[in-house]
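Going by the UniProt record's numbering, the first residue of the sequence shown is number 1, and it counts up by one from there. These notes are about the structure you will find just below.
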Amino acid sequence: MPATIIVGGFWGDEGKGKIVAYMASKDKPRIIARGGVGPNAGHTVEISGKKFGLRMIPSGFVYKDARLLIGAGVLVNPEIFLKEVDLLKVADRARVDYRCAIIEPKHCELDRTQDHLKKIGTTGTGCGPANVDRVCRIAKQAKDIPELKDFLTDVPLEINEALDKGEFVLVEGSQGFGLSLYYGTYPYVTSKDTTASAIASDVGIGPKRVDDVIVVFKSFPTRVGAGPFPTEMPLEEAERLGIVEYGTVTGRRRRVGYWDGKMAKYAAMINSATQIAITGIDKLDRDCFGVKEWEKLTPKAKKFIENVEAEVKVPVTLISTGPDIEQIIDLRKEKL
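Here it is in structure tokens:
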């Protein structure tokens, strides 16, 4: 069984963590692998009212039989990784590729003090400076860190062996398309590419082994920090609509915008999207909160979904109607 990759279609914070957690509990993958930049992205998972804000461990930890792997392309902060391992009690199944580059305190200090990075809106987590050291071939690797010795593995080997056995592998990206170093709103971007192709490379799988790419979009896109935001709405309008959010990592208030069909279509094209997940449909229409069946969505919400499909030319298969992983409409059987 081939792999499925989940990525964000706007500027991050689309709800990828929830979609990964839902699919992990529903589809029971053998492996859930994390690609992306590093701990500068926070993924939130809510289960029965309890929230988990994760920065390293894959959001699919909710499925207790899955291996939780961090690909070689991901930057690792050992302190954050070990704290999450302890918090989630996943020491028996969380592993880091031995080639992962390490974020050191000096990288975080550089990230927080360099003026040009502050203007861009860096998260201050050290990812940019650590990637610079990696490019210069002077970064430490996970295999060099004694505290990680019990958590090392060869992620591509594990994933490809699982795929050879016909087992399901779920791959979680980070940030969003608009923050890609190559395709995003440069220079207001992260320190590497964030598209599905890059995420596959991060965990060591070739394009022929990827069966599905699910791009996650918010009904109202958001952005943290500086940078272009063509459909941004005034803060007063966001408050009137009840859309007040704060970044998982930075704690900064998120800017809010209206749906951007042009960007969604372009993101779907570059990511080769086979499916779309829409989150925050309950923000579009509060009467949709907690709904789990298509028939019970309001006409306004249904029309929005139908318009997205018509514009982007990709089926919407997952619709989030609230923060909990069970508050979702799953249309994959009907549409695929």
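For every residue, glycine included, the Cβ atom is placed at its ideal position computed from N, Cα and C. Since the structure is predicted, the reported quantities are computational estimates derived from the model, not experimental observations.
{"Asked": "Euclidean distance between Cα positions of D65 and K51", "Found": "21 Å"}
{"Asked": "Contact under 7 Å by Cβ, P39 with T125", "Found": "yes"}
{"Asked": "Residue range of the beta strand (DSSP E) that includes I276", "Found": "275–279"}
{"Asked": "Counterpart residues of F217 in DSSP-defined beta bridges", "Found": "I278"}
{"Asked": "Beta-bridge partners of D111, as assigned by DSSP", "Found": "D111 pairs with nothing; no bridge assigned."}
{"Asked": "Coil, strand or helix - S201 by DSSP", "Found": "helix"}
{"Asked": "Residue from T279, D144, A139, L152 whose Cα sits closest to the Cα of L69", "Found": "L152"}
{"Asked": "Backbone CA spacing between I270 and E79 [nearest angstrom]", "Found": "34 Å"}
{"Asked": "Straight-line Cα distance separating A91 from T279", "Found": "31 Å"}
{"Asked": "Residue range of the alpha helix (DSSP H) that includes S25", "Found": "16–27"}
{"Asked": "Alpha carbon of S48 to alpha carbon of I328, nearest angstrom", "Found": "14 Å"}
{"Asked": "Own chain, CB closer than 8 Å to R99, minus 5 neighbours either side, in chain order", "Found": "A72, Q141, A142, K143"}
{"Asked": "Neighbour-count burial assignment, N307, 16 or more Cβ in a 10 Å radius", "Found": "exposed"}
{"Asked": "Residue burial classification, P156 (beta-carbon count within 10 angstroms, cutoff 16)", "Found": "buried"}
{"Asked": "Same chain, Cβ closer than 8 Å to V7, neighbours up to 5 away in sequence not counted", "Found": "K16, G173, G176, F177, T194, T195, A196, I199, V213, I214, V215, V216, N271"}
{"Asked": "Bounding residues of the beta strand (DSSP E) (the contiguous stretch that carries A130)", "Found": "Careful: A130 lies outside any beta strand (DSSP E), inside the alpha helix (DSSP H) at 127–135."}
{"Asked": "Where the beta strand (DSSP E) through A94 begins and ends", "Found": "94–97"}
{"Asked": "Selection from R34, W11, R254, L88 that minimises the alpha carbon distance to A3", "Found": "R34"}
{"Asked": "Simplified DSSP state of F52, which is helix, strand or coil", "Found": "strand"}
{"Asked": "Rounded Cβ spacing between F10 and K218 (contact assumed at less than 8 Å)", "Found": "6 Å"}
{"Asked": "Burial state of Y63, where buried means 16 or more other Cβ atoms lie within 10 Å", "Found": "buried"}
{"Asked": "Through-space distance from I32 to T274, alpha-carbon basis", "Found": "19 Å"}
{"Asked": "Residue from K292, E237, V312, A238 with nearest C-alpha to D260", "Found": "V312"}
{"Asked": "Whole-Å CB distance - M56 paired with V76, under 8 Å assumed", "Found": "7 Å"}
{"Asked": "Within-7 Å CB hit, V37 to chain C", "Found": "Going by chain labels, chain C is absent from the structure shown, which holds only one protein chain."}
{"Asked": "Helix, strand or coil at I270 [DSSP, three-state]", "Found": "helix"}
{"Asked": "With 16 other Cβ atoms within 10 Å as the buried cut-off, status of Y186", "Found": "exposed"}
{"Asked": "Three-state secondary structure (DSSP) of I80", "Found": "helix"}
{"Asked": "Nearest-angstrom Cα separation, counted from E245 out to A226", "Found": "16 Å"}
{"Asked": "S59, DSSP secondary structure in three states", "Found": "helix"}
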